[in-house]
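What follows is one structure encoded as structure tokens, with my remarks underneath.
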Amino acid sequence: MNQTDKEIIMKQKYIFAASAVILSAVACEPSHLEDNLYDPAVYILNHGYQKTETFYDVQSSFSADVDAYCGSYYDKNPEVRLVEDDAVLEKHNTDNSDTLKVLPSDCWSLEASDLEMVDKKARFKVNFNIEALKSLSVEADYSDLKGYALPLRLKSLTDGVNEASQEGLSSVVIVPDMSMMAFSLENSGVSETNLDKLGDSEGTITLEYKVRTGIENNWNNGVRFSFNVASENAEYPLLPEGAYSVTSSSGEGFVPGVSEIVYTVIIDKSKAVERNYSLVASVESEGGFKVEGNSESVINLFNRHYYNQSDISVRGCNSYVPGRGPELTIDGKLNTRWESGYSSSDIGVFKLPYIIEYELATPVRISDFDLCRRQDRYASDLKGGHLEVSSDGENYTTVCSFDYTGVSAYRNIHSAESEPEAKYVKFVVTASGRTGGGMKAPLSNLAEFNICYR
Numbered sequence: 002m003n004q005t006d007k008e009i010i011m012k013q014k015y016i017f018a019a020s021a022v023i024l025s026a027v028a029c030e031p032s033h034l035e036d037n038l039y040d041p042a043v044y045i046l047n048h049g050y051q052k053t054e055t056f057y058d059v060q061s062s063f064s065a066d067v068d069a070y071c072g073s074y075y076d077k078n079p080e081v082r083l084v085e086d087d088a089v090l091e092k093h094n095t096d097n098s099d100t101l102k103v104l105p106s107d108c109w110s111l112e113a114s115d116l117e118m119v120d121k122k123a124r125f126k127v128n129f130n131i132e133a134l135k136s137l138s139v140e141a142d143y144s145d146l147k148g149y150a151l152p153l154r155l156k157s158l159t160d161g162v163n164e165a166s167q168e169g170l171s172s173v174v175i176v177p178d179m180s181m182m183a184f185s186l187e188n189s190g191v192s193e194t195n196l197d198k199l200g201d202s203e204g205t206i207t208l209e210y211k212v213r214t215g216i217e218n219n220w221n222n223g224v225r226f227s228f229n230v231a232s233e234n235a236e237y238p239l240l241p242e243g244a245y246s247v248t249s250s251s252g253e254g255f256v257p258g259v260s261e262i263v264y265t266v267i268i269d270k271s272k273a274v275e276r277n278y279s280l281v282a283s284v285e286s287e288g289g290f291k292v293e294g295n296s297e298s299v300i301n302l303f304n305r306h307y308y309n310q311s312d313i314s315v316r317g318c319n320s321y322v323p324g325r326g327p328e329l330t331i332d333g334k335l336n337t338r339w340e341s342g343y344s345s346s347d348i349g350v351f352k353l354p355y356i357i358e359y360e361l362a363t364p365v366r367i368s369d370f371d372l373c374r375r376q377d378r379y380a381s382d383l384k385g386g387h388l389e390v391s392s393d394g395e396n397y398t399t400v401c402s403f404d405y406t407g408v409s410a411y412r413n414i415h416s417a418e419s420e421p422e423a424k425y426v427k428f429v430v431t432a433s434g435r436t437g438g439g440m441k442a443p444l445s446n447l448a449e450f451n452i453c454y455r
């Protein structure tokens with residue numbers, strides 16, 4: 002072995018010796034991996050002010066959940082305890098300028114006050130005594146129970162596991178929300194409609210009135226359903242007696258398993274011929290349930306169908322302003338209109354009568370005409386006239402007239418004196434409220450023209 006090899010071997014020995022000293026020193030140094038981790042602590046996830054979901058006085062029981070959690074990087078499942086603490090409620094009232102009172106102890110109980118967490122979670126169940134709550138309340142709807150609260154605090158029973166450093170994270174104030182069992186009438190209130198929006202077929206009109214409970218029903222409660230009864234919200238006459246029938250999907254009202262009742266009303270159109278009726282229905286509870294919301298439905302019915310404007314065409318017009326022709330009366334828009342001609346560049350005549358002739362795609366037995374004048378101060382330009390109908394487009398019969406002297410309404414419905422089957426209609430203007438333009442012509446206009454039938 003030469004001198005160079007000996008030097009290399011000696012250097013390697015020194016390196017190994019130094020490494021051994023360093024490794025020994027490191028092994029003796031304590032670990033600092035967990036120096037910056039938080040100490041484990043327990044919290045209430047749904048902390049602070051909590052109102053229960055609505056429960057009902059006919060239920061046998063109701064429970065609310067309080068969810069606890071252990072926040073930490075350690076794999077620990079501590080034991081925790083939930084206790085009543087009036088100081089929690091005092092602090093809540095002070096911080097929120099509230100006046101909640103402590104819920105009496107006979108109104109609630111904990112299913113278990115001590116729990117061991119699983120996966121660092123625990124769920125406490127608070128059981129409310131519904132009979133005790135009913136006795137506590139002095140209001141028929143139990144609204145005064147919202148003035149009571151159950152204050153609870155979460156505590157750790159495991160050494161090394163703290164309670165939340167922020168006090169509010171380990172406490173909860175629970176307010177019970179109990180109500181009378183209730184049902185509601187669908188589509189209650191006042192509305193307007195016409196035959197196009199109802200179930201109208203084969204000579205009858207079918208209406209469905211639905212009453213339903215807010216939750217799945219497991220109790221008995223009678224319901225009184227009344228139809229065709231007087232109401233201050235009825236704008237028109239009621240149906241004649243004998244013109245309708247009523248059936249129910251549940252003759253006994255609400256019974257366990259029945260959460261919705263459908264009342265079906267069938268109206269015989271041959272016995273209900275007037276243009277307008279008010280269809281009035283109401284419900285009453287015959288038991289411990291209450292009616293939630295409006296207990297009455299009033300449908301003010303225009304007892305007619307509207308002929309589809311897209312199936313009406315203009316056959317002719319003897320006076321109009323270009324760009325404001327008669328086709329605008331059947332476009333479904335109130336902000337467009339036909340105007341009679343009044344300057345030399347306009348089309349047609351400049352004297353009354355003005356005539357628009359319409360053609361229907363298929364004949365119909367016409368009952369009414371729905372006319373809308375322009376929606377401004379010049380509505381009075383259309384002052385008077387009449388409507389004629391024809392089956393062949395040659396021989397016309399006048400079926401109604403109109404006079405808007407002193408009438409401010411923009412929309413007016415005119416009944417035909419008879420209900421002839423017709424394919425052609427003439428709208429005839431015979432009186433104007435104003436003259437104007439270069440031709441000093443009598444002025445007239447019409448925004449919308451509709452044909453109605455039964």
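If you're matching positions, the sequence shown starts at 2 in the working numbering and goes up one per residue.
Even for Gly, the Cβ is constructed at its ideal location relative to N, Cα and C.
Name, in chain order, the residues that DSSP records as bridge partners for T207. Here residue 207 is taken as the residue at index 206 of the sequence shown, counted from 1. In the DSSP output, where bridge partners are listed per residue, T207 has G200 and I267.
For L155, the nearest candidate out of N277, R82, S344 and E422 (CA to CA): Indexing the sequence shown from 1 puts residue 155 at position 154. Considering only alpha carbons, the answer is R82.
Mind listing, in chain order, the continuous beta strand (DSSP E) runs of no fewer than 3 residues lying wholly within the segment 344-386? 355-373
Going by beta carbon distance, what residues of the same chain come within less than 6 angstroms of G394, once the five residues before and after it are set aside? Against the sequence shown, residue 394 aligns to sequence position 393. Excluding positions up to five away in sequence, the list reads Y425.
Could you work out which residue in V274, E217, D99 and I45 is closest to A244 when comparing CA atoms only? The residue labelled residue 244 in the question sits at position 243 within the sequence shown. Among V274, E217, D99 and I45, the Cα nearest to that of A244 is on V274.
Can you grab the Cα-Cα spacing for the pair I268 / S286, in whole Å? Within the sequence shown, the letter at position 267 stands for residue 268. Within the sequence shown, the letter at position 285 stands for residue 286. Approximately 25 angstroms, taken between the alpha carbons.
Inter-residue spacing [alpha-carbon to alpha-carbon] between S32 and V119: As a working note, residue 32 is residue 31 in the sequence shown. As a working note, residue 119 is residue 118 in the sequence shown. A caution first: S32 carries a pLDDT of 46, below 50, which makes its placement in the model too unreliable to give a value.
Residue environment, P323, which counts as buried when at least 16 other CB atoms sit within 10 Å: Looking up residue 323 in the sequence shown gives position 322. That one is exposed.
Quick one: give me the first and last residue of the alpha helix (DSSP H) that V89 is part of. Here residue 89 refers to the residue found at position 88 of the sequence shown. Taken as a continuous stretch (DSSP letters only), the alpha helix (DSSP H) holding V89 covers D87 to N97.
Can you look up A442 in the DSSP assignment and give me helix, strand or coil? The residue labelled residue 442 in the question sits at position 441 within the sequence shown. In the structure shown, A442 sits in a strand (DSSP, three-state: E or B).
Just tell me which of E217, Y307 and S402 has its CA closest to the CA of L199. Numbered from 1 along the sequence shown, position 198 holds the residue referred to as residue 199. It is Y307.
Going by beta-carbon coordinates alone, are F184 and E293 separated by less than 8 angstroms? Position 183 of the sequence shown, counting from 1, holds the residue named residue 184. Position 292 of the sequence shown, counting from 1, holds the residue named residue 293. Contact: yes.
Please return the same chain residues whose Cβ sits closer than 6 angstroms to the Cβ of V281, not counting the five positions on each side in sequence. For the purposes of this step, residue 281 is taken as the residue at position 280 of the sequence shown. These residues qualify, in order along the chain: V230, S232, A235 and V299.
What ranges does the beta strand (DSSP E) occupy inside the segment 155-236, keeping only unbroken runs of at least 3 residues that lie completely in it? 172-176, 183-186, 190-195, 200-202, 205-214 and 223-228
Start and end residues, alpha helix (DSSP H) containing I131: Position 130 of the sequence shown, counted from the start, is the residue given in the question as residue 131. Its alpha helix (DSSP H) spans residues I131 to L137.
Same chain, Cβ closer than 6 angstroms to E337, neighbours up to 5 away in sequence not counted: Sequence index remark: in the sequence shown, residue 337 carries index 336 (1-based). Residue identity check: residue 337 is Thr in the sequence provided, not Glu. Closer than 6 angstroms at the Cβ level, and outside the excluded window around T337, lie L329.
What are the residues that DSSP puts in a beta bridge with R316? Within the sequence shown, residue 316 is the residue found at index 315, counting from 1. DSSP output for R316 lists no bridge partner at all.
Measure the C-alpha to C-alpha separation of G386 and N413 and round it to an integer number of angstroms. Taking the first residue of the sequence shown as 1, we reach residue 386 at position 385. Taking the first residue of the sequence shown as 1, we reach residue 413 at position 412. If I take the Cα positions, the gap works out to 13 angstroms.
Between C108 and A133, is the Cβ-Cβ spacing less than 8 angstroms? Within the sequence shown, residue 108 is the residue found at index 107, counting from 1. Within the sequence shown, residue 133 is the residue found at index 132, counting from 1. Yes, the Cβ-Cβ distance between C108 and A133 is below 8 angstroms.
To the nearest angstrom, report how far apart L447 and S419 are at their CA atoms. Sequence index remark: in the sequence shown, residue 447 carries index 446 (1-based). Sequence index remark: in the sequence shown, residue 419 carries index 418 (1-based). Roughly 24 angstroms separates the two Cα atoms.
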